[in-house]
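Asker: Below you'll find the structure I mean.
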């Protein structure tokens with residue numbers, strides 16, 4: 354019984370580190386403009402210029418704010 358409890362705790366610890374992203378449908382191109390590993394849909398700074406999208410007048414152009 355003790356081994357089962359330790360095994361259950363170990364598996365639970367491994368699963369807590371998992372992160373799930375929404376999988377794009379087949380044929381849909383994975384878009385990540387700044388190549389930081391976060392899809393543009395969820396990225397708060399999708400062009401990677403350091404200015405959050407909501408304050409950036411041109412959120413898709415890294416050379417202009």
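Residue numbers (this note's numbering): 354 to 418. Cβ coordinates follow ideal geometry from the N, Cα and C atoms, glycine included.
Applying the 10 Å Cβ sphere with the 16-neighbour rule, what's the burial state of residue 396?
Answerer: Counting from one through the chain shown, the residue named residue 396 turns up at place 43. Buried, by the Cβ-count rule.
Asker: Can you list, in chain order, the residues of its chain with a C-beta nearer than 7 Å to that of residue 406? Leave out the 5 residues immediately preceding and following it.
Answerer: Walking along the chain shown from the start, residue 406 turns up at place 53. Answer for residue 406: 397, 398, 399 and 412, listed in chain order.
Asker: With H, G and I counted as helix, E and B as strand and the rest as coil, what does DSSP make of residue 364?
Answerer: If you number the chain shown from 1, residue 364 lands on position 11. Correct three-state label for residue 364: helix.
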